[in-house]
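*Asks:* Structure incoming, see below.
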Amino acid sequence: MAMTATAGHAHADPHHIGLVIEHPGPASKRIVTAYGFWVFLLSDIVMFSCFFAAYAVLSGQTAGGPKGSELFEQRNVAIETVCLLLSSFTCGMASIAADVRNRFWFYLGMAVTCLLGLIFLAIEFREFADLVARGYGPSRSAFLTAFFSLVGCHGLHVSAGVLWLLTMMAQVFAKGFRADVLRRMMCFALFWHALDIVWVGVFSVVYLLGSAA
Amino acid sequence: MLGKLDWSAIPFDQPIPLVAGAVVLVAILGVLTWVVVKGHLPYLWSEWITSVDHKRIGVMYILLASVMLLRGGSDAIMMRIQQAVAYQSQGYLPPEHYNQIFSAHGTIMIFFVAMPFVIGLMNLIVPLQLGVRDVAFPTLNSVGFWLTATGALLVNLSLVVGEFARTGWLAFPPLSELSYSPGVGVDYYAWSLQISGVGTLVAGINLVTTVLKLRTKGMNYLRMPMFCWTTLASNLLIVAAFPILTATLAMLLLDRYLGFHFFTNEAGGNVMMFMNLIWAWGHPEVYILVLPAFGIFSEVVSTFSGKGLFGYRSMVLATMAICVISFMVWLHHFFTMGAGPDVNAIFGIASMIIAVPTGVKIYNWLFTMYGGRIRFATPMLWAVGFMVTFIVGGLTGVLLAVPPADFMLHNSMFLVAHFHNVIIGGVLFGAFAGFEYWFPKAFGFRLDERWGKLAFWFTFLGFFITFIPLYIAGMLGMTRRMQHYDVAAWRPWMIVAAIGMAVLTIGVICQIVQLVVSIRNREALRDRTGDPWDGRSLEWATSSPPPVFNFAFNPDVRGEDAYWDMKVHAQQQSLERDRPEYQDIEMPRNSPTGFVCAFFATIMGFALIWHIWWMVILGGLGAFATFVVFAWRDHDEYVIPAEEVAAIDRVNLEERRGLISMAGAV
Numbered sequence: 000m001a002m003t004a005t006a007g008h009a010h011a012d013p014h015h016i017g018l019v020i021e022h023p024g025p026a027s028k029r030i031v032t033a034y035g036f037w038v039f040l041l042s043d044i045v046m047f048s049c050f051f052a053a054y055a056v057l058s059g060q061t062a063g064g065p066k067g068s069e070l071f072e073q074r075n076v077a078i079e080t081v082c083l084l085l086s087s088f089t090c091g092m093a094s095i096a097a098d099v100r101n102r103f104w105f106y107l108g109m110a111v112t113c114l115l116g117l118i119f120l121a122i123e124f125r126e127f128a129d130l131v132a133r134g135y136g137p138s139r140s141a142f143l144t145a146f147f148s149l150v151g152c153h154g155l156h157v158s159a160g161v162l163w164l165l166t167m168m169a170q171v172f173a174k175g176f177r178a179d180v181l182r183r184m185m186c187f188a189l190f191w192h193a194l195d196i197v198w199v200g201v202f203s204v205v206y207l208l209g210s211a212a
Numbered sequence: 000m001l002g003k004l005d006w007s008a009i010p011f012d013q014p015i016p017l018v019a020g021a022v023v024l025v026a027i028l029g030v031l032t033w034v035v036v037k038g039h040l041p042y043l044w045s046e047w048i049t050s051v052d053h054k055r056i057g058v059m060y061i062l063l064a065s066v067m068l069l070r071g072g073s074d075a076i077m078m079r080i081q082q083a084v085a086y087q088s089q090g091y092l093p094p095e096h097y098n099q100i101f102s103a104h105g106t107i108m109i110f111f112v113a114m115p116f117v118i119g120l121m122n123l124i125v126p127l128q129l130g131v132r133d134v135a136f137p138t139l140n141s142v143g144f145w146l147t148a149t150g151a152l153l154v155n156l157s158l159v160v161g162e163f164a165r166t167g168w169l170a171f172p173p174l175s176e177l178s179y180s181p182g183v184g185v186d187y188y189a190w191s192l193q194i195s196g197v198g199t200l201v202a203g204i205n206l207v208t209t210v211l212k213l214r215t216k217g218m219n220y221l222r223m224p225m226f227c228w229t230t231l232a233s234n235l236l237i238v239a240a241f242p243i244l245t246a247t248l249a250m251l252l253l254d255r256y257l258g259f260h261f262f263t264n265e266a267g268g269n270v271m272m273f274m275n276l277i278w279a280w281g282h283p284e285v286y287i288l289v290l291p292a293f294g295i296f297s298e299v300v301s302t303f304s305g306k307g308l309f310g311y312r313s314m315v316l317a318t319m320a321i322c323v324i325s326f327m328v329w330l331h332h333f334f335t336m337g338a339g340p341d342v343n344a345i346f347g348i349a350s351m352i353i354a355v356p357t358g359v360k361i362y363n364w365l366f367t368m369y370g371g372r373i374r375f376a377t378p379m380l381w382a383v384g385f386m387v388t389f390i391v392g393g394l395t396g397v398l399l400a401v402p403p404a405d406f407m408l409h410n411s412m413f414l415v416a417h418f419h420n421v422i423i424g425g426v427l428f429g430a431f432a433g434f435e436y437w438f439p440k441a442f443g444f445r446l447d448e449r450w451g452k453l454a455f456w457f458t459f460l461g462f463f464i465t466f467i468p469l470y471i472a473g474m475l476g477m478t479r480r481m482q483h484y485d486v487a488a489w490r491p492w493m494i495v496a497a498i499g500m501a502v503l504t505i506g507v508i509c510q511i512v513q514l515v516v517s518i519r520n521r522e523a524l525r526d527r528t529g530d531p532w533d534g535r536s537l538e539w540a541t542s543s544p545p546p547v548f549n550f551a552f553n554p555d556v557r558g559e560d561a562y563w564d565m566k567v568h569a570q571q572q573s574l575e576r577d578r579p580e581y582q583d584i585e586m587p588r589n590s591p592t593g594f595v596c597a598f599f600a601t602i603m604g605f606a607l608i609w610h611i612w613w614m615v616i617l618g619g620l621g622a623f624a625t626f627v628v629f630a631w632r633d634h635d636e637y638v639i640p641a642e643e644v645a646a647i648d649r650v651n652l653e654e655r656r657g658l659i660s661m662a663g664a665v
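Chains A and V, in that order, are what the protein sequence lines are. Under numbering that gives the first Met the number 0, the letters of the first sequence match residues 0 to 212, in that order. Under numbering that gives the first Met the number 0, the letters of the second sequence match residues 0 to 665, in that order.
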């Protein structure tokens with residue numbers, strides 16, 4: 000795009016060599032919105048990285064309680080991961096459907112995404128409830144504190160995503176594929192995919208490394 | 000039903016907060032009554048409270064900061080008096096009250112004075128300097144402001160309902176954990192900052208996107224005014240650093256509310272993790288505040304020297320260098336806490352290195368003044384005063400960056416004097432310079448110069464009389480946050496500092512008088528051309544105050560100092576044509592979303608502090624519903640017809656024509 004070309008070469012040409020590429024002016028609303036949302040996602044990833052860091056610091060502090068390898072069930076985590084990765088695909092399908100203004104495929108894509116997200120949340124909730132019931136809640140040790148916080152923070156994001164998803168569907172139902180609705184859909188898709196990337200981190204750092212140790 | 004809230008939350012036994020609270024309450028009720036009786040409410044609602052105009056939001060930010068400055072300043076006066084009288088006695092403030100005061104003073108001054116002041120100035124000026132009509136996300140901008148106001152409201156509410164934190168402005172655990180601070184003070188602190196932190200993050204995202212994606216035609220990166228560069232750097236830091244604060248406070252709250260063990264002494268919690276996390280936000284925060292001030296000084300020094308900024312590119316480089324290095328020095332805040340000599344050495348050297356780009360900036364300002372035709376108007380006085388003050392503060396900072404020296408001075412009054420030296424001498428002087436400099440742009444009339452200069456001199460002298468004694472007391476071994484003391488050698492310095500505080504207070508009073516006098520004489524001080532200081536950047540190319548759409552035509556920029564260029568070549572775009580072809584302009588519609596959202600956030604924050612769970616859910620649902628209603632609206636823009644644009648623009652063009660021809664003649 001012209002904008003990025005400008006960014007690479009922008010200077011005021013103090014030596015009059017005539018290579019200045021003039022900045023073309025303000026970007027379109029779609030670009031501005033997506034760009035701003037990317038910046039938000041970066042800030043969100045910074046927040047996640049704090050919880051990752053806390054987990055890395057505290058993961059050995061079991062205070063005489065259980066270690067990760069004694070608690071994690073790999074089968075459940077595998078199902079969770081499959082659900083979330085599949086939901087990214089269906090979310091992508093919904094985005095394409097929105098771009099070509101196809102309501103049926105949009106609703107279908109979003110509904111499946113929602114369902115997969117809910118299955119993910121249900122499994123996670125059951126895992127949490129089970130741990131608490133066995134006396135291994137977040138107050139048991141600093142390790143469990145960090146575990147519940149990191150995984151729970153991601154779970155909260157997914158819950159917020161599901162709420163946003165349903166609102167998005169309702170909005171398309173009420174308002175159709177308006178320009179502003181399409182911009183929001185684009186942001187939602189970015190959000191959902193970003194949560195997938197964070198989950199890959201959670202899966203690797205918490206469950207894979209945790210099970211090995 | 001009401002959680003932990005009952006009548007014991009009102010401090011009936013403590014006259015000071017009760018009287019202060021009553022005075023504030025009467026003042027607020029008085030203003031509200033006046034507004035309603037005089038019939039100003041509809042105007043305030045439609046033109047200010049629901050406004051999404053970046054200029055109005057900027058003004059409201061600055062108003063919030065100014066009011067909070069008085070609150071934080073009152074705390075400062077109380078502390079200086081306490082330390083002047085509490086020699087071998089208890090003074091007049093009981094320890095638990097004194098502890099709340101220094102905690103509230105720091106929290107308010109950083110989060111609700113310095114932050115909103117600089118964010119307000121950036122909001123007000125950056126879109127104008129970039130030559131565009133608005134920021135990237137106007138409604139979110141309003142949400143950000145009102146959430147900041149929510150945080151300020153909650154902090155002040157703690158004065159009369161419950162208590163504030165007694166844990167200092169960063170609430171270090173384990174003191175801030177539930178076992179040592181069982182009251183609601185720390186909860187007030189944490190939830191206020193969480194809510195206003197969301198507002199700050201929103202402002203940061205908005206301004207980063209604005210600078211990077213919304214520049215007028217020809218406004219290449221290396222043609223942006225310095226203030227836009229420092230705004231970019233500062234807001235990049237906001238986006239990168241504020242989530243750390245959010246995460247850290249969330250961890251502290253989880254410890255307090257749900258019995259987690261992030262920072263507790265038991266079950267493997269790690270207190271040092273809090274230190275690292277909070278300062279990984281806290282040190283960039285210092286530069287978030289001071290970088291915009293550097294930008295303001297660059298504009299002011301260049302304008303009042305009648306010269307382009309010396310070493311513009313080195314200034315850009317220095318700004319971005321500070322932006323990056325500011326994330327690599329956080330450990331110097333706790334050299335004494337056992338990191339070991341190797342780690343301390345690395346962070347000590349990094350802390351000294353960051354003084355280099357700052358030094359580059361100082362020399363650039365000095366060389367800008369060298370050979371210039373300098374006018375010592377009030378903004379320039381603040382700028383020169385800053386250079387003197389900030390060098391002292393910077394050098395004591397380099398001193399503290401040397402680990403062995405830090406071991407002697409850590410947490411002493413020397414440290415207190417140092418950070419006040421850079422924050423008052425840097426950020427606050429910058430905010431005042433920007434306030435004096437851009438006030439005519441925002442309101443269409445100048446501020447009274449005589450009272451402005453008086454304000455400067457009293458503040459400048461008062462600053463040194465207050466804080467030089469604190470440096471000395473620190474050298475004599477006095478630690479910070481002392482409610483009383485028994486060392487005779489410290490006493491005289493505390494008395495001098497209290498006298499300095501009185502001089503500073505006169506400075507603040509002069510500033511208030513200046514505002515009142517200027518408003519009264521506004522017809523005589525009217526700025527009709529929109530360019531009262533013979534400015535160089537695009538904000539001066541439009542009228543004062545600018546129309547809601549800022550520019551009838553988005554300017555076409557051809558070099559640095561865009562407006563200066565236009566004046567010299569008498570080539571102002573609109574002036575070249577006798578009958579410019581005006582076009583309809585679309586502007587975003589006002590929206591109460593920000594205000595309503597903040598209303599629910601206030602309810603939610605208050606309910607969280609007092610454990611009123613049903614009210615938390617209510618507030619959350621309300622905030623969500625507000626966004627849904629906003630998302631559902633059908634018209635988000637309105638059109639200003641070309642004739643109206645023409646009518647507004649012609650008035651200013653006529654006034655400016657004389658100015659341009661004069662500049663052209665020169």
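For every residue, glycine included, the Cβ atom is placed at its ideal position computed from N, Cα and C.
1) Nearest to A:V99 by alpha carbon, out of A:M184, A:S158, A:G116?
2) Could you name the residues of chain A that V:T592 contacts, counting a contact when the two beta carbons are closer than 9 Å?
3) Given a cut-off of 8 Å, decide if V:F296 and V:A432 are closer than it, judged by their beta-carbon atoms.
4) Pop quiz: A:L57 and A:T144 are said to be a contact at Cβ under 8 Å. What is the actual Cβ separation, rounded to whole angstroms?
5) Looking only at C-alpha atoms, which of A:H22, A:Y106, A:P25 sits nearest to A:F176?
6) Taking a cut of 9 Å between CB atoms, which residues from the stretch 191–208 of chain V lie near chain A?
7) Indicate whether V:I494 and V:F457 have their beta-carbon atoms separated by less than 8 Å.
8) Keeping to the same chain, check which residues put their C-beta closer than 8 Å to that of A:T3; ignore five residues upstream and five downstream.
9) Return the CA-CA distance between V:D12 and V:V342, expressed in angstroms with no decimal places.
10) Among V:S233, V:M271, V:A266, V:F226, which one has its Cα closest to the Cα of V:T247?
11) Please check if any C-beta of chain V sits within less than 8 Å of the C-beta of A:I30.
12) Just reading off the alpha helix (DSSP H) that V:A76 is part of, what are its end residues?
13) Using the Cα positions of V:P491 and V:M474, report the straight-line distance between them to the nearest angstrom.
14) Grouping DSSP H, G and I as helix and E and B as strand, with all else coil, what is A:A6?
15) According to the Cβ coordinates, are V:N122 and V:G57 closer than 8 Å?
16) For a test of the three-state rule: what should DSSP assign to V:S411, helix, strand or coil?
17) Compile a chain-ordered list of the residues in the stretch 208–234 of chain V whose CB is closer than 8 Å to at least one CB of chain D.
18) Where DSSP assigns a beta bridge to V:Y637, which residues make up the other side?
19) Does chain V have any CB closer than 8 Å to the CB of A:V131?
20) If I measure Cβ to Cβ from V:V516 and keep anything under 8 Å in the same chain, skipping five residues before and after, which residues do I get?
21) So, is V:R255 buried or exposed, given that buried needs 16 or more other C-beta atoms within 10 angstroms?
22) Report whether the distance from the Cβ of V:L503 to the nearest heavy atom of the ligand NAD is below 7 Å.
23) Does the separation of the CB atoms of V:K212 and A:V31 fall below 8 Å?
24) Run through DSSP, which three-state label would V:F444 get?
25) Pair every Cβ in the stretch 530–538 of chain V with every Cβ in the stretch 427–445 of chain V, then say whether three or more of these pairs are closer than 8 Å.
26) Does V:V220 pass the burial test, meaning 16 or more other C-beta atoms within 10 Å, or should it be called exposed?
27) Per the DSSP calculation, V:R525 is bridged to which residue(s)?
28) Determine the chain A residues that contact V:A344 at a beta-carbon separation under 9 Å, and present them in chain order.
29) Which of the three DSSP states, helix, strand or coil, is assigned to V:T478?
30) Assign V:Y484 to one of three DSSP states: helix, strand, or coil.
31) Among the candidates V:G182, V:F136, V:A232, V:F226, whose CA atom is the shortest distance from the CA of V:G198?
32) When the Cα atoms are used, what is the spatial distance from V:G337 to V:H331?
33) Suppose the cutoff is 8 Å on Cβ atoms and the five residues either side in sequence are ignored; what does the same chain contact list for V:F626 look like?
34) Against chain A, with Cβ distances strictly below 8 Å, would V:L446 count as a contact?
35) How about V:H417: is its C-beta nearer than 8 Å to some C-beta of chain A?
36) Please report whether the beta-carbon of V:G337 lies at a distance below 8 Å from any beta-carbon of chain A.
*Replies:* So, from the data block:
1) A:M184
2) Chain A residues near V:T592: none, gap ~14 Å exceeds 9 Å.
3) yes
4) The C-beta distance from A:L57 to A:T144 rounds to 7 Å, short enough to fall under 8 Å.
5) A:Y106
6) L200, V201, G203, I204, N205, V207, T208
7) Their beta carbons are not under 8 Å apart, which means V:I494 does not touch V:F457 by this criterion.
8) At A:T3 the pLDDT is 37, less than 50, meaning the model places this residue with poor confidence; the figure from the coordinates comes in the next sentence. The beta carbon of A:T3 is closer than 8 Å to none in its chain, skipping five residues each way along the sequence.
9) For the pair V:D12 and V:V342, the Cα-to-Cα distance works out to about 49 Å.
10) V:M271
11) yes
12) It is worth fixing the name first, because residue 76 of chain V is Ile in this sequence and not Ala. From DSSP, the alpha helix (DSSP H) with V:I76 extends over 53–84.
13) Between V:P491 and V:M474, the C-alpha separation is close to 14 Å.
14) For A:A6, the predicted model reports a pLDDT of 39, less than 50, meaning its position is unreliable; a value from the coordinates is still stated below. In the structure shown, A:A6 adopts helical secondary structure according to DSSP, grouped into three states.
15) yes
16) strand
17) No chain D is part of this structure, whose protein chains are labelled A and V.
18) V:M586
19) A:V131 does not count as touching chain V.
20) D447, W450
21) buried
22) The ligand NAD is not part of this structure, which contains no ligands at all.
23) yes
24) strand
25) yes
26) One detail in the question is off: residue 220 of chain V reads as Tyr in this sequence, not Val. V:Y220 is buried by the Cβ-count criterion.
27) V:F444
28) Those do not exist, as V:A344 stays about 23 Å from chain A at its closest Cβ, beyond 9 Å.
29) DSSP places V:T478 in the strand class (E or B) of the three-state scheme.
30) V:Y484 carries a strand assignment under DSSP once its states are collapsed to helix, strand and coil.
31) Measuring from the Cα of V:G198, the nearest candidate turns out to be V:F136.
32) 12 Å
33) T592, C596.
34) no
35) For V:H417, the nearest beta carbon of chain A is not closer than 8 Å to its own beta carbon.
36) No, its Cβ sits nowhere closer than 8 Å to a Cβ of chain A.
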